[in-house]
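Going down the list, the protein sequences come from chains A and B. Taken in order, the first sequence gives residues 42 to 224; the numbers are from the working numbering. Taken in order, the second sequence gives residues 42 to 224; the numbers are from the working numbering. In this text, a Cβ means the ideal position worked out from N, Cα and C, and glycines have one as well. A quick write-up on the structure given underneath.
2 protein chains.
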Amino acid sequence: MTIKFCSQCGSEKIELRSPPGDDRTREICGACGHIHYVNPKIVVGSIPAWGEQILLCKRAIQPRYGKWTLPAGFMEENETLAEGAMRETLEEAGARITVEKLYASYSLPEISQVYVLFLAKLDDLNYAAGIESLEVRLFSEHEIPWQELAFATIGEALKRYFADRAEGVYAPHFADLRRTPKK
Amino acid sequence: MTIKFCSQCGSEKIELRSPPGDDRTREICGACGHIHYVNPKIVVGSIPAWGEQILLCKRAIQPRYGKWTLPAGFMEENETLAEGAMRETLEEAGARITVEKLYASYSLPEISQVYVLFLAKLDDLNYAAGIESLEVRLFSEHEIPWQELAFATIGEALKRYFADRAEGVYAPHFADLRRTPKK
Numbered sequence: 042m043t044i045k046f047c048s049q050c051g052s053e054k055i056e057l058r059s060p061p062g063d064d065r066t067r068e069i070c071g072a073c074g075h076i077h078y079v080n081p082k083i084v085v086g087s088i089p090a091w092g093e094q095i096l097l098c099k100r101a102i103q104p105r106y107g108k109w110t111l112p113a114g115f116m117e118e119n120e121t122l123a124e125g126a127m128r129e130t131l132e133e134a135g136a137r138i139t140v141e142k143l144y145a146s147y148s149l150p151e152i153s154q155v156y157v158l159f160l161a162k163l164d165d166l167n168y169a170a171g172i173e174s175l176e177v178r179l180f181s182e183h184e185i186p187w188q189e190l191a192f193a194t195i196g197e198a199l200k201r202y203f204a205d206r207a208e209g210v211y212a213p214h215f216a217d218l219r220r221t222p223k224k
Numbered sequence: 042m043t044i045k046f047c048s049q050c051g052s053e054k055i056e057l058r059s060p061p062g063d064d065r066t067r068e069i070c071g072a073c074g075h076i077h078y079v080n081p082k083i084v085v086g087s088i089p090a091w092g093e094q095i096l097l098c099k100r101a102i103q104p105r106y107g108k109w110t111l112p113a114g115f116m117e118e119n120e121t122l123a124e125g126a127m128r129e130t131l132e133e134a135g136a137r138i139t140v141e142k143l144y145a146s147y148s149l150p151e152i153s154q155v156y157v158l159f160l161a162k163l164d165d166l167n168y169a170a171g172i173e174s175l176e177v178r179l180f181s182e183h184e185i186p187w188q189e190l191a192f193a194t195i196g197e198a199l200k201r202y203f204a205d206r207a208e209g210v211y212a213p214h215f216a217d218l219r220r221t222p223k224k
């Protein structure tokens, strides 16, 4: 259960059952009938490039405090995917980017998240750690702290990025990332 | 306001303000402090092909009752994008597909939705209208009911699909779809 009270009538009679014509269990108010839908969230971000280098942020927040990540965060209401990627890059890395291509779409079904990462070019070198970052810096491929990356999504995206760069073609791709193998 | 009562403590003291370190207005409980985040939803679906033909569904539900659409719907918790596309295609069109490529990503910022559509091949011709469809049938390009499509996203995806087919390359793409031009 994610809720204890109905958001519409305040009743504490929350029932776990399937609405008519639906085969999924939902949190439904036993008093007013309101269905509290919960859906996956989008994490949107960028792979900001400056020549041969990529900008990474060292996290100043949990989870994965002190680990390195691409600038990314929860997409907000009333913005586009690209706007979200630009906003997160500005918030976390103080950096302005030009979005080029939607590059990676990763499903994380165990935590109901979808990552969407864009290829982007840094507009200039005026970057700086935002409130959620300890440090922001450019990395060449051989400098990437592979063992110190915050999330599997970031390692996957960077691995593909450098492999695609070696091939000369950045191919949009999707993948499913699970901590435990699918049953 | 999307809520009237706190989902965690039941209080009616819901305030619209920004949490510390956040520049967005959120619905926050004045009693227990719980922040009720709201984020965009993902609509996931497929472009199911059978040779030169595409499978469309005539909607049996609002909005756009009686209009034609690709099988698509809200992504659910604990599924992947591809699983969601397969599930929606089975639910709405009674059809089993093999997902090939993540093809279209559309942001609809005015209604906080992101459409993700996959290229797919029908596994067989055993399709049938699900509970949310009046009719399901295959269309050749010249038969597509362009004036009777349910959503702008569907027209955009089909337009790109047939253009790409003529070129011989299906290029994953993203776009922003607004009803009113951006200010």
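| Query | Result |
| --- | --- |
| Identity of the residues DSSP links to residue 84 of chain A by a beta bridge | A:115, A:156 |
| Cβ-based neighbour list, residue 82 of chain A, same chain, cut-off 8 Å, excluding 5 preceding and 5 following | 115, 116, 153, 154, 155 |
| Residues of the stretch 187–208 of chain A with Cβ closer than 8 Å to any Cβ of chain B, in chain order | none |
| Chain-ordered chain A contacts of residue 49 of chain B [CB-CB under 9 Å] | 44, 45, 46 |
| Burial state of residue 176 of chain A, where buried means 16 or more other Cβ atoms lie within 10 Å | exposed |
| Nonlocal neighbours in the same chain, by C-beta distance under 6 Å from residue 66 of chain A, ignoring five residues either side | 57, 59 |
| Backbone CA spacing between residue 158 of chain A and residue 72 of chain A [nearest angstrom] | 42 Å |
| Limits of the beta strand (DSSP E) - the one that residue 69 of chain A falls within | 67–70 |
| Same chain, Cβ closer than 8 Å to residue 211 of chain B, five either side skipped, listed in chain order | 142, 144, 160, 202, 205 |
| Simplified DSSP assignment, three categories, for residue 130 of chain B | helix |
| Whether residue 196 of chain B touches residue 169 of chain B by CB criterion (9 Å) | no |
| Contact with chain B by residue 138 of chain A, beta-carbon distance below 9 Å | no |
| Beta-bridge pairing of residue 217 of chain A - partner residues as DSSP gives them | A:148 |
| Partner residues on chain B for residue 59 of chain A, Cβ-Cβ distance less than 9 Å | Going along chain B, no residue has its Cβ under 9 Å from residue 59 of chain A, so there is no contact; the nearest lies around 12 Å. |
| Pick from B:192, B:221, B:219 that is closest to residue 105 of chain B, judged by C-alpha positions | B:192 |
| Residues near residue 139 of chain A in its chain [Cβ-Cβ closer than 7 Å; skip 5 each side] | 161, 162, 164 |
| Test: residue 214 of chain B CB closer than 9 Å to a CB of chain A | yes |
| Contacts of residue 180 of chain B in chain A (Cβ-Cβ under 8 Å) | By Cβ distance, chain A contributes nothing, its closest Cβ being about 26 Å from residue 180 of chain B, past 8 Å. |
| For residue 184 of chain A and residue 78 of chain A, the rounded distance between their alpha carbons | 44 Å |
| Bridge-paired residues (DSSP) for residue 77 of chain B | B:68 |
| DSSP bridge partner residues for residue 140 of chain A (one or two, in chain order) | A:161 |
| Inter-residue spacing [alpha-carbon to alpha-carbon] between residue 166 of chain B and residue 127 of chain B | 15 Å |
| Below-9 Å beta-carbon distance, residue 124 of chain B vs any chain A residue | yes |
| Euclidean distance between Cα positions of residue 110 of chain B and residue 63 of chain A | 20 Å |
| Beta-carbon neighbours of residue 53 of chain B, restricted to chain A and to distances below 9 Å | 51 |
| Residue 113 of chain A classed as buried or exposed, judged by whether at least 16 other C-beta atoms fall within 10 angstroms | buried |
| Option in B:182, B:221, B:194, B:217 with minimal Cα separation from residue 94 of chain B | B:182 |
| Beta-carbon proximity list for residue 49 of chain A, same chain, < 8 Å, skipping 5 on both sides | 70, 73, 75 |
| Which residues DSSP lists as bridging residue 89 of chain B, in chain order | B:161 |
| Limits of the beta strand (DSSP E) - the one that residue 180 of chain A falls within | 174–180 |
| Those residues which DSSP pairs with residue 121 of chain A across a bridge | Per DSSP, none; premise fails for residue 121 of chain A. |
| Contacts that residue 82 of chain A makes with chain B (C-beta to C-beta distance below 7 Å) | 80 |
| Interface partners of residue 135 of chain B on chain A, CB under 7 Å | Near residue 135 of chain B there are no residues of chain A at all, since even the closest Cβ is about 15 Å away, more than 7 Å. |
| Residue 220 of chain B at chain A interface by Cβ criterion, 9 Å | no |
| Residue 55 of chain B versus residue 88 of chain A: straight-line alpha-carbon distance, rounded | 38 Å |
| Start and end residues, beta strand (DSSP E) containing residue 99 of chain B | 94–100 |
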